[in-house]
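Taking it in order: structure first as structure tokens, then the write-up.
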Amino acid sequence: MILVTAIAAAALAVVTYSPPPTLKWQQVAPGVWRAQVGKKEAVTLLSAAGSVPDKPGLAKLPKVTEAPIPFEHAGGELVENHAVASIPLSKDEKLYGLGLQMHGSDRRGGVYHLRMDHYSSGKDRLHAPTPLYISSKGYAVLFNTARPIAIYAGVGNRQGDPANPTQRDRNTDPNWDPQPASDAVEASVQAGGLEVLVFAGPTPLDAMRRYSLYCGGGAMPPKWALGFWHRVPLSFSAEQAESEARQFEQRNYPLDVLGLEPGWQSSSYPGSFDWSPVRFADPAGFMKSMTQSGVHVNLWENPYVSEKSRLFEPLHTYFGSHTVWLGAVPDLNVPAAAQIIRDHHKQVGVDLGVSGYKIDEVDGVDVWLWPDHARFPSGLPGDEMRQVYGVLWQRELDRLFHDSGKRTFGLVRGSNGGASRFPFAIYSDTYDHREYVTGITSAGLAGVMWCAEARSAANGEEWVRRMQTAVLSHIAQLNAWSDGTKPWSFAGYEEPVRKAMQFRIEILPYLYTAFAQYHFEGTPVIRAMSLIDGGGETDQYMLGDSILAAPMFAGEKSRKLRLPAGRWYDYETGEYAGANQVIEVTPALDKIPLFVREGALIPTIAPQLHAGSPASTLIVRHYGDVPGSARLYDDDGQSYDFEHGNCAWYKLTTENGSSGQKTRTSAGSDWNDAYHEIIWRHIGSKH
Ligand code: GAL
76 MILVTAIAAA
86 ALAVVTYSPP
96 PTLKWQQVAP
106 GVWRAQVGKK
116 EAVTLLSAAG
126 SVPDKPGLAK
136 LPKVTEAPIP
146 FEHAGGELVE
156 NHAVASIPLS
166 KDEKLYGLGL
176 QMHGSDRRGG
186 VYHLRMDHYS
196 SGKDRLHAPT
206 PLYISSKGYA
216 VLFNTARPIA
226 IYAGVGNRQG
236 DPANPTQRDR
246 NTDPNWDPQP
256 ASDAVEASVQ
266 AGGLEVLVFA
276 GPTPLDAMRR
286 YSLYCGGGAM
296 PPKWALGFWH
306 RVPLSFSAEQ
316 AESEARQFEQ
326 RNYPLDVLGL
336 EPGWQSSSYP
346 GSFDWSPVRF
356 ADPAGFMKSM
366 TQSGVHVNLW
376 ENPYVSEKSR
386 LFEPLHTYFG
396 SHTVWLGAVP
406 DLNVPAAAQI
416 IRDHHKQVGV
426 DLGVSGYKID
436 EVDGVDVWLW
446 PDHARFPSGL
456 PGDEMRQVYG
466 VLWQRELDRL
476 FHDSGKRTFG
486 LVRGSNGGAS
496 RFPFAIYSDT
506 YDHREYVTGI
516 TSAGLAGVMW
526 CAEARSAANG
536 EEWVRRMQTA
546 VLSHIAQLNA
556 WSDGTKPWSF
566 AGYEEPVRKA
576 MQFRIEILPY
586 LYTAFAQYHF
596 EGTPVIRAMS
606 LIDGGGETDQ
616 YMLGDSILAA
626 PMFAGEKSRK
636 LRLPAGRWYD
646 YETGEYAGAN
656 QVIEVTPALD
666 KIPLFVREGA
676 LIPTIAPQLH
686 AGSPASTLIV
696 RHYGDVPGSA
706 RLYDDDGQSY
716 DFEHGNCAWY
726 KLTTENGSSG
736 QKTRTSAGSD
746 WNDAYHEIIW
756 RHIGSKH
């Protein structure tokens, strides 16, 4: 009798499906939708970055005719102390992004507790924990929160969801699935609100473009910053630094930026933010001599202020409750504090000709940084401050250089959403070569840039392969702060290293154009294959529109790579490499596997020591058997005049590569490019 009742009750039980209520979606820019769960937060990622959408740029992207996601199924709600958003996901959709990841590319099926951290391993404590994902269906979603966030990327099934797969019995059914497919990405923060932004495509690359432009466009570095960077050991003096720079010139290795590490300051960890009177007795004289030799100076700093620093007193009411290495932590969310920081950097650095900064330790290692419950004068909680601290520093230093009229490019160890327009590349203390290459590919999926620096190597072969990767990233840098390694440190391997560094200079006009595309059109300079054709490779990528790079690793004599659709040619020799296929290459040690698509033109210059020196001859390399065309961008390479139209876009065209035309395509300015002579070269042919 009892049993019958139970069965009857079970038969009657109706499981209702209660997804979070649909959010109110509003189009806030062409192809960009916004919705708010709960209350608007005082600080978000985009507000911390001071993002102002580039509306004219957004208006030039493809018109959006269809909703990028079924908004009627995109909901959100407040649950206990959480704000939750749920974004629908279809069965065959792949997800990419979720920060500066060092492993893999497919993010579907994972749970990510995205936190700012000095990346050590894993998938959610990252140098750039950007809560942005890109779908293979051609749209992107940003959870615009400064809070640590949990993202369930196609994980979890709500009770009663009609889209849930059929329940199976593990005892008997071989198709039982430990992770039943889910039809949503859910995200939650411990807060009273969460803003969600959806960026339409139609392609994944278009979605990324829309994201960057919504953040204000991509960074536009000065030309010199695209040359080679070298950082000197920890406590080098002015004389040692000058001598190091001279050696580059004497040995004929390109050098545009010399980076000084903690020793330029009179004390560090915590910092004085002033030149050491012992190691740099005459900062102005040192800067003058470096400038005369065509080398820019970049200064290391971490933001933690020593009690002995001149900055301590004026900043003392703007510090957080906790210290880092006993240094006080200025709250850059307070405008007066930010102003003091900018003024000091102007006086001590920019006015002397310092070209930029390396902002260290803003990502934090737990045992070094402030706790989550730290208090800051602006009221921003400690955990949120940690998520955006690197962004706040980039914002203030970017503003300082902008106000001074001189473009900068620098380094930062922690960044986040909204930072695309800041001219800073992320670097790390980790040193796994493969992870570094994955970092190059994933940076463009997180709206940040990445410096896969070389520091040391176990042998000459590894050194060459590391340096080859370094020149294929956003900043090409040797960071010798601890090892003192020089490009020529490995006897017998000097030539291949010099060749890689010269390649970096050679492609300057091509790379500069790619940065202009990033700035004006939002297109990442380096593009993961997932943005190109949905490929999942993390060891090859597109550098600009037309060069496919597939770096080599020490110990490898050959490697496989995939050539996307179209015909491809070896960059150096022009040899036909294949079309839409996986190939295996066995490059000599001095060779980086680089391939160019048919019909591409690569504008280059002859090797020179400084990317910042004017070059007047353009060497245009034409690949393949069809007429070639490419875009070329140019401006003065150092000021912000390009923002007022003082720049030019050209179209390069050729029928057969032996001669061709450069036609101006932009109007409205009488600025002309620096290239007075063009040499046309047909490099590659199938026949
Ligand atoms: C580390 C940084 C290194 C180097 C070093 C100097 O935090 O990642 O690149 O600058 O500090 O102490």
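Per the working numbering, the sequence shown runs over residues 76 to 762.
We put the CB at the ideal spot given by N, CA and C, even for glycine.
Using alpha carbons as the reference points, say which of the options lies closest to residue i.
i    : options                : result
D406 : T398, D418, Y393       : Y393
S503 : L175, E261, K114       : L175
G106 : E270, T278, G610, S195 : T278
H420 : W468, S453, D441       : W468
P599 : L586, E570, E459, K135 : L586
S548 : A529, K561, S557       : A529
R222 : S741, G235, I209, T205 : T205
G185 : D478, T738, L280, K169 : K169
E382 : V372, S364, G395, A403 : A403
I601 : G610, Y616, A749, P389 : Y616
G213 : Q234, R190, E261, L164 : L164
G712 : A723, R706, P702       : A723
V399 : L638, W445, M365, Y698 : W445
S364 : S257, P498, A320       : A320
A412 : L401, V425, G395       : G395
Could you check if residue i belongs to the surroundings of ligand 1, using beta carbon to heavy atom distance under 7 Å?
i    : result
E436 : yes
R541 : no
P308 : no
G747 : The identity of residue 747 in the sequence shown is Asn, whereas the question assumes Gly. Result no, Cβ not under 7 Å from ligand 1.
W556 : yes
W375 : yes
E336 : yes
D504 : yes
R488 : yes
Who are residue i's beta bridge partners in DSSP?
i    : result
R190 : R200
M617 : R602, L623
H157 : V154
K737 : L727
P678 : V695
H305 : L333, L553
I758 : DSSP, once it has assigned bridges, lists no residue as partnering I758.
W525 : I501
D709 : A723
L390 : L390 pairs with nothing; no bridge assigned.
Y432 : L374
L170 : S210
F355 : DSSP lists no partner for F355.
D645 : F670
S263 : V159, A225
P405 : F394
With the cut-off set at 8 Å, would you say residue i and residue j are in Cβ contact?
i    : j    : result
I550 : L472 : no
W350 : V423 : yes
Y432 : L374 : yes
G465 : I515 : no
A282 : F218 : no
G535 : Y568 : yes
S310 : R354 : yes
G293 : Y593 : yes
V380 : L335 : no
R474 : R540 : no
G428 : M362 : yes
R637 : E612 : yes
Y92  : G235 : yes
D458 : H193 : no
Return the Cβ separation of residue i and residue j in integer angstroms, given the expectation that the two are a contact with Cβ distance under 8 Å.
i    : j    : result
G267 : A158 : 6 Å
T679 : E581 : 5 Å
S621 : R579 : 17 Å between Cβ atoms; not a contact.
G619 : R285 : So it is not a contact: roughly 20 Å between Cβ atoms.
S704 : E752 : Rounded, the Cβ-Cβ distance is 20 Å, inconsistent with contact.
P271 : A110 : Here residue 271 is Val; the residue named in the question, Pro, does not match the sequence. Indeed they touch by this definition, with Cβ atoms about 5 Å apart.
S180 : S605 : 5 Å
M524 : A500 : 4 Å
S688 : G369 : 6 Å
A625 : D614 : 7 Å
M191 : R461 : 5 Å
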